[in-house]
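According to my numbering, the sequence shown holds residues -18 to 87 in order. Don't be surprised by glycine CBs; every beta carbon is placed ideally from N, CA and C.
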Amino acid sequence: RTKEIGIRKSLGATPWSIVSMILQEALVITGLAGYAGLAVGCATIGGISYALSTFGMESEFFANPQINLTTALTAIAVLTASGLAAGLVPGIRAASVNPVVALRDE
-18 RTKEIGIRKS
-8 LGATPWSIVS
2 MILQEALVIT
12 GLAGYAGLAV
22 GCATIGGISY
32 ALSTFGMESE
42 FFANPQINLT
52 TALTAIAVLT
62 ASGLAAGLVP
72 GIRAASVNPV
82 VALRDE
């Protein structure tokens, strides 16, 4: 990616556009991972609930598992914020790369 960023900077890309590009990629990746995790979690909870009711394995500690919508949305929000924070450091680092050095490295 160093060469790609060096080419973009040599063509006149601003540091903010480089940071923005990295943050957008981080947002897409964390968003997809969050929604995929939520879907897998819902399916797992559904499967566990079905198995407990079908096989009569309910106990007082583990009966009728369910997902709280507020908790799920909060988890996705925290995941997204963490992904953006994690993408900020590489974005700032990429924006500070000298284009001549970036093109010479590869």
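Terminal residues of the alpha helix (DSSP H) in which residue i lies
i, result
"Val9", "-4 to 36"
"Ser(-9)", "-17 to -9"
8 angstroms contact criterion, which residue i and residue j should meet: CB distance rounded
i, j, result
"Ala83", "Lys(-16)", "6 angstroms"
"Ile26", "Pro46", "5 angstroms"
"Leu4", "Leu65", "6 angstroms"
Please list the segments of the beta strand (DSSP E) lying wholly inside the segment 43 to 71, counting only runs of 3 or more residues, in order along the chain. As far as the segment 43 to 71 is concerned, it has no whole beta strand (DSSP E) run of at least 3 residues.
Give a yes or no on contact between the segment 12 to 20 and the segment 30 to 38, applying the rule of three or more CB pairs nearer than 8 angstroms. The segment 12 to 20, when compared against the segment 30 to 38, does not touch it at the 8 angstroms Cβ threshold.
Measuring CB atoms only, is the segment 0 to 8 touching the segment 66 to 76, in the sense that at least three cross pairs come out at less than 8 angstroms? Touching, per the Cβ criterion.
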